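Undergrad: My questions will all concern the structure given below.
Here's what the structure looks like:
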């Protein structure tokens with residue numbers, strides 16, 4: 431992690447744009463309920479822990495983080511199902527998406543999951559098959575790009591030319607959420623049942639949070 | 431429209447699954463504020479109009495509709511940005527997506543927009559170019575399907591094999607929203623600035639609403 | 431429970447207005463993800479349980495319930511913090527609130543809580559003090575009503591005359607939510623840390639749900 | 431306005447706690463869609479205006495503001511119906527609410543509205559009646575406080591002793607929202623149909639926004 435931008439997968443990243451508040455904002459907001467204020471961590475570490483353990487989560491809505499993310503469309507399809515975040519994404523209606531596409535490694539392709547049978551293949555994929563998949567993928571990514579560029583040159587509207595773009599293609603977005611909703615995102619997307627790819631993004635988001643909200647992060651990890 | 435299923439594009443549809451409440455539920459909920467009840471349309475048509483015109487929209491949250499939609503992934507990408515609906519979508523992590531892909535007509539491909547320059551091509555697309563695009567699209571859709579099937583047979587996890595699937599491929603989902611949120615969806619997606627494809631879906635949703643909530647629909651159309 | 435209206439506290443109630451979907455809608459929506467349909471409870475009871483236990487909650491957003499509630503303002507203040515429900519409430523800006531006010535029983539007033547020390551008194555309240563509180567409350571409720579009526583007669587705007595109304599006064603609202611959000615409401619408001627009064631309302635909501643969605647209710651209770 | 435705290439009504443205030451982003455964050459987020467960045471106001475003032483006028487509101491979710499508010503319960507009842515804000519409020523379950531209660535001025539009490547007949551009195555209130563209302567209100571506020579204090583001393587649980595508290599009593603909360611949702615709040619609550627009291631709070635919120643997001647504020651005011 432340098433300059434708060436974290437590389438993810440082969441071409442992606444998660445980058446901090448802005449944050450507001452911190453662990454002490456949570457305590458400050460919680461003290462609203464009893465008319466008090468943040469008093470310092472000697473006494474307030476216990477309060478923060480109490481809030482988290484007893485699921486008093488509204489104070490965790492009083493700080494947050496805005497990030498920029500580059501990820502395959504497939505990952506964004508999962509990500510944007512979270513309805514408590516705000517999104518602004520690059521649009522292939524308005525600008526041709528750059529020719530960057532996610533190619534998994536051989537190891538990732540051969541990975542098996544002990545927890546999610548449904549997402550697995552019908553049989554174990556061997557090294558040759560994994561290599562075959564990857565080279566087929568690269569080849570077809572380029573075919574799709576060729577048709578895309580030819581169509582754009584021929585004057586086909588961008589919003590139609592994009593039909594052939596694969597869900598492995600990278601896009602970029604900004605996402606804004608408060609800390610409570612980021613934690614909920616991480617609970618679902620760092621889970622071993624989540625797809626490996628989005629888990630890498632969730633881990634990167636978690637890394638940013640661990641720097642910005644270290645005390646809350648510790649409570650989250652202990653949970 | 432037969433059996434409340436409406437064909438959209440070449441392989442898609444919008445189908446009513448369930449609805450609750452009706453125009454009179456809106457009046458009944460609005461009368462909560464003054465301690466009254468629905469009194470019949472002779473006196474309440476005026477109240478419904480008043481609510482709509484003065485943007486008292488919470489009573490329109492007291493009825494709703496649940497639909498099933500088959501549409502290209504590209505359309506779902508736009509649709510699911512609406513965060514006030516509930517979604518359940520077919521998942522290519524768990525089941526191979528059937529080989530159905532959206533192929534626009536020649537007329538659609540040649541269509542130009544007077545309102546949205548950005549989404550257009552760099553020049554007007556002529557008939558030959560449009561036909562070239564369509565046949566290229568069909569051909570590459572099949573290539574993508576070949577790689578997809580071969581990868582699945584080789585044991586590549588479904589969640590990775592799908593990387594090559596184009597955003598023109600059809601998927602299926604259920605969507606649930608209250609009437610207020612459906613109207614907000616239609617306001618944005620029936621607009622001439624919306625992409626032609628999602629407008630066809632919005633029109634179909636509007637058609638269902640016009641049958642279920644005819645008085646509200648009339649107010650919406652007059653707006 | 432008669433005619434699906436349930437009495438709560440001394441003057442309140444929870445009443446079913448409308449519901450949509452049922453346990454089988456949840457399964458039907460979940461089967462979207464694998465392209466299937468509801469198959470009957472012999473095989474689908476297991477699926478419903480799986481969904482619930484593994485927190486796959488979006489299918490539980492595909493059915494719901496609309497209710498009418500009469501409760502003290504104090505209870506509505508807690509209730510309406512739930513931001514995933516739709517509300518329409520009687521408004522004292524537009525109509526004078528009827529003179530009905532919550533008077534707790536002696537037993538309730540003397541109740542102590544083992545789980546929530548903060549909400550308790552500084553000492554145990556004895557029977558005489560409880561009776562004193564109740565008769566003081568009744569007396570002051572009537573004084574507030576006198577000032578309220580006199581002000582209204584003098585032409586003071588309703589929206590100002592209401593300033594003296596106590597938070598123990600009853601109001602009425604309709605509330606609409608999907609099943610997932612009702613269960614979340616119950617998780618927080620049936621909890622022993624919730625105030626006893628709103629717990630009585632939550633229990634009534636739970637009773638309606640147990641009739642409408644019996645299989646989901648069983649899973650909720652086992653949780 | 432000193433130190434970004436603004437007095438409202440007789441005992442209330444609106445105070446800035448924290449803000450994030452600014453007008454340029456909106457442009458930066460909007461440029462996501464075409465792969466660009468903020469370029470300086472010479473060229474981007476036009477883009478900001480375009481976004482606002484054409485209701486492309488998601489970029490306005492990329493900045494926001496966290497405030498503290500002291501207001502009568504009656505105002506909070508209206509305010510907290512906005513479901514896109516985060517709230518933490520002082521709770522009378524846990525701490526006795528201080529004896530501060532909203533007393534309108536004679537002028538306010540005699541005010542008539544040309545736009546909202548329902549909220550008005552049955553006749554015009556004259557000066558004597560207004561003075562009578564105000565002194566009655568003050569007297570009954572103190573009676574309520576006496577019962578409240580006596581009950582607390584007798585050991586009545588705080589969560590019950592509060593039943594007699596009037597909706598004119600002040601409470602305190604923190605509220606967090608993004609700019610889009612603040613503007614929506616202002617659209618409804620600065621409107622002449624909103625109650626005069628909450629309009630004063632909305633004006634104070636608007637004043638904070640005008641300092642933090644001056645270009646967006648100008649567009650809002652021109653709307």
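Chains as they are written, first to last, in the numbering used here: chain A, 431 to 653; chain B, 431 to 653; chain C, 431 to 653; chain D, 431 to 653.
Ideal Cβ placement from N, Cα and C applies to all residues, glycine included.
Note that this is a predicted model, so its numbers are computed, not measured.
#1: Do you know how far the Cα of residue 622(B) is from the Cα of residue 629(B)?
#2: So, helix, strand or coil for residue 431(D), using DSSP?
#3: Quick test of the definition: if touching needs 3 or more C-beta pairs under 8 Å, does the stretch 607-617 of chain A touch the stretch 583-593 of chain B?
#4: Could you tell me which of 512(B), 501(B), 563(B), 506(B) sits nearest to residue 540(B), measuring between CA atoms?
#5: For residue 516(B), list the residues DSSP reports as bridge partners.
#6: Would you tell me roughly how many angstroms separate the C-alpha atoms of residue 652(B) and residue 533(B), rounded to the nearest one?
#7: Starting from residue 443(C), trace the beta strand (DSSP E) both ways and give me its first and last residue.
#8: Spell out whether any CB of chain C is found under 7 Å from the CB atom of residue 522(B).
#9: Just to make sure I have the definition right: I need the residues of chain B whose C-beta is within less than 7 Å of the C-beta of residue 525(C). Which are they?
#10: Could you work out which residues of chain A lie near residue 554(B), taking near to mean beta carbons separated by less than 7 Å?
#11: Check whether the Cβ of residue 624(B) lies closer than 7 Å to any Cβ atom in chain A.
#12: So for residue 436(C), helix, strand or coil by DSSP?
#13: Taking residue 510(B) as the query, report the chain A residues whose CB atoms sit under 7 Å from its CB, ordered along the chain.
#14: If we count the other Cβ atoms within 10 Å of its Cβ and call it buried at 16 or more, is residue 537(A) buried or exposed?
#15: Are any of the Cβ atoms in chain D nearer than 7 Å to that of residue 563(C)?
#16: Based on Cα-Cα distance, which residue from 459(A), 648(A), 542(A), 521(A) lies nearest to residue 625(A)?
#17: What residue ranges within the stretch 447-519 of chain D form continuous alpha helix (DSSP H) runs of no fewer than 4 residues, ordered along the chain?
#18: Would residue 581(D) pass as an interface residue toward chain F - the criterion being a Cβ-Cβ separation below 7 Å?
#19: So residue 570(B) is in the alpha helix (DSSP H); what residue range does that whole segment cover?
#20: Can you check which of these residues, 517(B), 460(B), 504(B), is closest to residue 489(B) by C-alpha distance?
#21: Which residues of chain A have a Cβ atom closer than 7 Å to the Cβ of residue 594(B), listed in chain order?
#22: Given a threshold of 16 other Cβ atoms within 10 Å of its Cβ, counted over all protein chains shown, does residue 646(A) qualify as buried or as exposed?
#23: With DSSP run on the structure shown, which of helix, strand or coil describes residue 596(D)?
#24: Check the Cβ of residue 603(B) against every Cβ in chain A and list those closer than 7 Å, keeping chain order.
#25: Counting only the same chain and skipping the five closest in sequence on each side, list residues whose C-beta sits under 7 Å from that of residue 634(A).
#26: Measuring only the C-alpha atoms, how far is residue 695(A) from residue 614(A)?
#27: If you measure between the beta carbons of residue 450(C) and residue 450(B), is that distance less than 7 Å?
#28: Tell me which residues share the same chain as residue 557(D) and place their Cβ nearer than 8 Å to its Cβ, disregarding the 5 neighbours each side in the sequence.
#29: Can you tell me whether residue 575(B) is buried or exposed? The criterion is at least 16 other CB atoms within 10 Å of its CB, across all chains shown.
#30: With which residues is residue 601(B) paired in a DSSP beta bridge?
#31: Between which two residues does the alpha helix (DSSP H) containing residue 628(B) stretch?
#32: Could you tell me the alpha carbon to alpha carbon distance between residue 565(B) and residue 530(B), rounded to whole angstroms?
#33: Under 7 Å, do residue 569(A) and residue 441(A) count as touching if we go by C-beta distance?
#34: From this set, 447(C), 434(C), 466(C), 475(C), which residue's C-alpha is nearest residue 453(C)'s C-alpha?
#35: Consult DSSP for residue 623(A) and reduce its assignment to one of helix, strand or coil.
#36: Please confirm if residue 589(D) has its CB atom under 7 Å from at least one CB of chain C.
TA: In short:
#1: Whole-angstrom Cα-Cα distance: 8 Å.
#2: Confidence at residue 431(D) is low in this model, with a pLDDT of 43, below 50, so the placement of that residue should be treated as unreliable; the coordinate-derived value is given next. In the structure shown, residue 431(D) falls within a coil segment according to DSSP collapsed to helix, strand and coil.
#3: Verdict: no, contact absent.
#4: When only C-alpha atoms are compared, the closest one is 563(B).
#5: Answer by DSSP bridge pairing, in chain order: 606(B).
#6: Approximately 34 Å between the Cα atoms of the pair.
#7: That run of the beta strand (DSSP E) goes 442-450.
#8: Not an interface residue.
#9: Here the neighbours are 464, 465.
#10: Going along chain A in sequence order, the residues near residue 554(B) (Cβ under 7 Å) are 585.
#11: Judged by the 7 Å Cβ criterion, residue 624(B) is not in contact with chain A.
#12: Under the three-state reduction of DSSP output, residue 436(C) falls in the strand class.
#13: Under the 7 Å cutoff, chain A gives 510, 511.
#14: The residue in question, residue 537(A), is exposed, as its Cβ has fewer than 16 Cβ neighbours within 10 Å.
#15: Taking 7 Å as the CB threshold, residue 563(C) lines the interface with chain D.
#16: With respect to the C-alpha of residue 625(A), the residue from 459(A), 648(A), 542(A), 521(A) having the closest C-alpha is 542(A).
#17: Those alpha helix (DSSP H) runs which fall completely within the stretch 447-519 of chain D and span 4+ residues are 453-461, 471-483, 503-509.
#18: Considering every chain present, this structure includes no chain F. Its protein chains are A, B, C and D.
#19: For residue 570(B), the uninterrupted alpha helix (DSSP H) segment begins and ends at 557-583.
#20: The shortest CA-to-CA distance from residue 489(B) to any of 517(B), 460(B), 504(B) is the one to 460(B).
#21: For the C-beta of residue 594(B), the chain A residues within less than 7 Å are, from N- to C-terminus, 567, 570, 596, 598.
#22: The residue in question, residue 646(A), is buried, as its Cβ has 16 or more Cβ neighbours within 10 Å.
#23: Three-state result, residue 596(D): strand.
#24: By Cβ distance, chain A contributes nothing, its closest Cβ being about 11 Å from residue 603(B), past 7 Å.
#25: Correct list, in chain order: 436, 438, 444.
#26: Outside the shown range of chain A, which is 431 to 653, sits residue 695(A), and nothing can be said about it.
#27: Result yes, Cβ atoms of residue 450(C) and residue 450(B) sit closer than 7 Å.
#28: By the criterion of a C-beta distance shorter than 8 Å, residue 557(D) is surrounded in its chain by 536, 540, once the five residues flanking it on both sides are discounted.
#29: Residue 575(B) should be labelled buried.
#30: Its beta-bridge partners are 501(B).
#31: Run containing residue 628(B): 626-642, per the alpha helix (DSSP H) assignment.
#32: When the Cα atoms are used, residue 565(B) and residue 530(B) turn out to be separated by approximately 15 Å.
#33: Cβ atoms of residue 569(A) and residue 441(A): not closer than 7 Å.
#34: Closest option to residue 453(C), Cα to Cα, is 475(C).
#35: Secondary structure of residue 623(A) (DSSP, three-state): coil.
#36: Yes, contact with chain C.
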